[in-house]
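Heads up: the sequence lines are chains G and S, in that order. The first sequence begins at 4 in the numbering used here and counts up by one. The second sequence begins at 4 in the numbering used here and counts up by one. The next block holds one structure in the form of structure tokens; read it before the comments.
Number of protein chains: 2
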Amino acid sequence: MRKILVTGASGFIGSAAARALLAAGVEVHGTSASGRAGPPGVIMHRCDLLDDTAVADLLAELRPSHLLHVAWDVTHGTYWTSPANFLWLAAGARLLERFLALGGQRAVGVGSCAEYAWTEAETYTEVSSPLAPATPYGRCKLALSEGFAAAGMMGLSTAWARLFFPYGPGDGEQRFIPSMLARLRAGEAFDTTSGIQRRDFIHIDDVGAALAALTRSSVTGAVNIGTGEGVALREVALELAASLGAEPGLLRFGALPIRPGDPLSLIADASRLRHEVGFTSAISWREGLRRLSQPRG
Amino acid sequence: MRKILVTGASGFIGSAAARALLAAGVEVHGTSASGRAGPPGVIMHRCDLLDDTAVADLLAELRPSHLLHVAWDVTHGTYWTSPANFLWLAAGARLLERFLALGGQRAVGVGSCAEYAWTEAETYTEVSSPLAPATPYGRCKLALSEGFAAAGMMGLSTAWARLFFPYGPGDGEQRFIPSMLARLRAGEAFDTTSGIQRRDFIHIDDVGAALAALTRSSVTGAVNIGTGEGVALREVALELAASLGAEPGLLRFGALPIRPGDPLSLIADASRLRHEVGFTSAISWREGLRRLSQPRG
């Protein structure tokens with residue numbers, strides 16, 4: 004790999020991937036719309052991915068051999084149904100067109116387990132699980148995955164990462180684990196659902212390493228990014244409270260209803276990641292939570 | 004329907020749909036990038052769909068209640084694999100974002116039977132036939148169909164037309180029927196395949212009427228636009244020669260190989276169009292060919 008461009012390299016997922024690519028000795032360039040800093044060592048470029056001219060200029064200047072496209076609107080509370088999903092779909096499609104025109108070799112896009120039809124399935128498999136997203140976010144991610152597949156028919160090597168549930172330092176403060184952590188640290192009650200839903204949580208360092216491994220591989224098509232193991236939200240909550248030495252009574256299970264349509268189980272079949280990409284996650288959910296619960300600084 | 008915008012309204016498909024909508028008494032606006040005229044009665048706007056600002060300005064000015072999005076790159080010989088497919092995917096996604104933001108009510112997009120996984124199936128059904136396009140064109144059309152599905156979750160009524168094989172006056176000169184017609188008229192030989200492939204040919208007037216009916220209906224999701232009947236290319240060729248009074252020996256069947264991956268049968272299951280939209284094609288393929296073979300002018 005000569006040179007990679009990571010879009011959204013200052014974000015939660017993008018920065019983890021950029022760090023892992025740097026650690027592998029790759030020349031890593033990153034974009035950020037806001038001009039936020041990226042990980043040390045990453046050559047950052049201020050570029051709004053929704054601005055076609057800016058994107059075209061940056062690609063023409065850099066001519067990266069590889070592309071890891073992470074950037075997307077993930078504003079908490081709105082991103083599932085935001086019209087911005089259309090703009091990010093459009094941005095991704097135009098990015099592919101430019102990357103292809105400038106002789107790019109390999110592009111990996113970041114999608115989501117939200118692309119699957121959420122059913123009563125225990126685990127989700129890239130090839131055989133039906134794709135029928137329940138949300139505009141999932142639909143637009145799936146749409147862009149078709150764009151990557153199209154580029155894969157036009158001389159580019161392409162893969163599409165379907166992320167399960169990343170967590171760890173840098174995660175959005177309003178998401179499940181960070182918001183619970185903040186409440187418990189403050190000695191405040193945390194209202195939550197019954198917590199019987201099982202999710203495939205994968206530590207952000209593993210996500211970064213998995214994306215780096217996928218990008219450096221020649222594996223094509225969709226690849227789940229998960230551990231292959233599920234844990235109930237209730238178990239996560241209780242473990243986090245125990246790690247913090249917090250009173251488990253602060254966790255008010257059942258205070259909130261489970262959102263309609265929220266599936267009981269969202270767990271990756273991680274066989275492709277393990278056997279084709281050759282990556283296995285290293286950080287168990289218990290270890291990941293232990294790290295999160297340690298005093299910061 | 005208060006006011007409809009038909010993109011690509013000067014083209015083969017778009018103009019047929021615009022004519023049918025006009026005939027139904029709708030106020031029809033159309034776009035053309037080149038400034039080509041549309042059908043009489045259609046209020047044409049010169050607008051490059053790939054120019055986001057121009058599109059946003061036009062939508063803000065017109066504020067159509069309905070949208071029929073037909074425009075796409077269909078340059079003969081290149082469109083199956085052209086990188087322009089990415090630009091049209093992006094344009095469609097942005098168009099949806101604008102239409103939604105400006106209070107649009109219903110949007111219908113035009114896709115293709117190339118979105119289906121071409122198998123040994125006899126007919127293709129919207130709900131149950133697998134979607135796995137063999138071409139970048141099919142992939143990008145399928146991608147945009149996901150965008151329309153996303154918009155359908157955000158308050159818009161949306162449908163997606165999967166066109167089978169339109170033919171008739173105005174068709175691209177290099178396509179199967181027009182090129183054969185030109186050769187036979189000139190008394191020249193026409194090299195073709197064995198012609199055993201069966202296709203669902205639908206006359207352009209029926210395509211226009213079907214798209215108008217679909218747009219005026221409240222049917223959502225994918226709808227095949229076909230007659231539901233297949234005819235072998237060989238039969239089409241022989242019928243056309245007979246209509247013209249041309250020597251059948253001019254048709255050199257088997258002179259060309261069947262393109263690898265070209266399926267033997269591509270026929271629509273037209274049940275949704277017939278029973279839900281309430282449209283049945285009126286022009287048989289024999290009648291359509293007879294009209295085409297009549298002296299022009």
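Think of the CB as a built atom: it goes at the ideal place given N, C-alpha and C, for glycine as much as any other residue.
Beta carbon proximity, residue i to chain S, threshold 9 angstroms
i      : result
G/E149 : yes
G/T84  : yes
G/L92  : yes
G/D55  : yes
G/T10  : no
G/A146 : yes
G/M4   : no
G/M183 : no
Residue nearest to residue i in terms of C-alpha spacing, selected from the options
i      : options                        : result
G/I228 : G/T218, G/T196, G/A273         : G/A273
G/F282 : G/S220, G/A117, G/R201, G/R49  : G/S220
S/S85  : G/A271, G/F204, G/M157         : G/M157
S/A36  : S/G14, S/P43, S/L25            : S/G14
G/I180 : G/C116, G/W163, G/L247, G/T161 : G/L247
S/G93  : S/L8, S/S148, S/H278, S/S296   : Looking at the sequence itself, residue 93 of chain S is Ala, so the reference to Gly does not match. Ranking S/L8, S/S148, S/H278, S/S296 by Cα distance to S/A93 puts S/S148 first.
S/A212 : S/T230, S/T196, S/I199, S/R66  : S/T230
S/S68  : S/L53, S/V29, S/L25            : S/V29
G/I199 : G/A146, G/E250, G/L269, G/W91  : G/L269
G/R255 : G/L8, G/R186, G/A162, G/S131   : G/R186
S/R277 : S/E290, S/L267, S/E232         : S/E232
S/D76  : S/A245, S/R66, S/F89           : S/F89
G/R165 : G/S182, G/Y119, G/P298         : G/Y119
G/L8   : G/R66, G/L243, G/G38           : G/R66
G/R237 : G/A215, G/V45, G/I261          : G/I261
G/W121 : G/L253, G/R294, G/D265, G/E129 : G/D265
G/A124 : G/L295, G/A57, G/R293, G/L267  : G/L267
G/Y170 : G/G291, G/P251, G/A26          : G/G291
G/V226 : G/E129, G/F193, G/A153         : G/E129
S/G41  : S/T10, S/A27, S/L253, S/L70    : S/T10
S/G141 : G/A137, G/A146, G/P139         : G/A146
S/T223 : S/S132, S/L295, S/R109         : S/R109
Residue i in three-state terms, based on DSSP
i      : result
S/D203 : coil
S/R39  : coil
G/A20  : helix
S/R165 : strand
G/M183 : helix
S/G224 : strand
S/D51  : coil
S/Y302 : There is simply no residue 302 of chain S to check, as chain S begins at 4 and stops at 300 in what is shown.
S/R109 : strand
S/L98  : helix
G/V45  : coil
S/D194 : strand
G/H69  : strand
G/G300 : Note that G/G300 has pLDDT 45, beneath the 50 cutoff, so the model's placement of it is unreliable and the number below is only indicative. G/G300 falls in the coil class under three-state DSSP.
G/H32  : strand
S/S274 : helix
G/R188 : helix
G/S148 : helix
Local Cβ density within 10 Å of residue i, reported as buried at 16 or more and exposed below that
i      : result
S/R202 : buried
S/R22  : buried
S/L259 : exposed
G/D209 : buried
S/G106 : exposed
G/A20  : buried
S/H206 : buried
S/T195 : buried
Contact with chain G by residue i, beta-carbon distance below 9 angstroms
i      : result
S/P139 : yes
S/P136 : yes
S/L52  : no
S/L103 : yes
Residue i: contacting residues in chain G (beta-carbon distance under 8 angstroms)
i      : result
S/C143 : A96, E149, G150, A153
S/M157 : T84, P86, P139
Partners in chain G for residue i, counting only beta-carbon separations shorter than 9 angstroms
i      : result
S/F256 : In chain order: nothing, as chain G lies at least about 30 angstroms away.
Closer than 7 angstroms at the beta carbon, the chain G residues around residue i
i     : result
S/L99 : F89
Listed by chain order, chain S residues near residue i by CB distance under 8 angstroms
i      : result
G/L166 : Those within 8 angstroms of G/L166 in chain S number zero; the least Cβ separation is about 18 angstroms.
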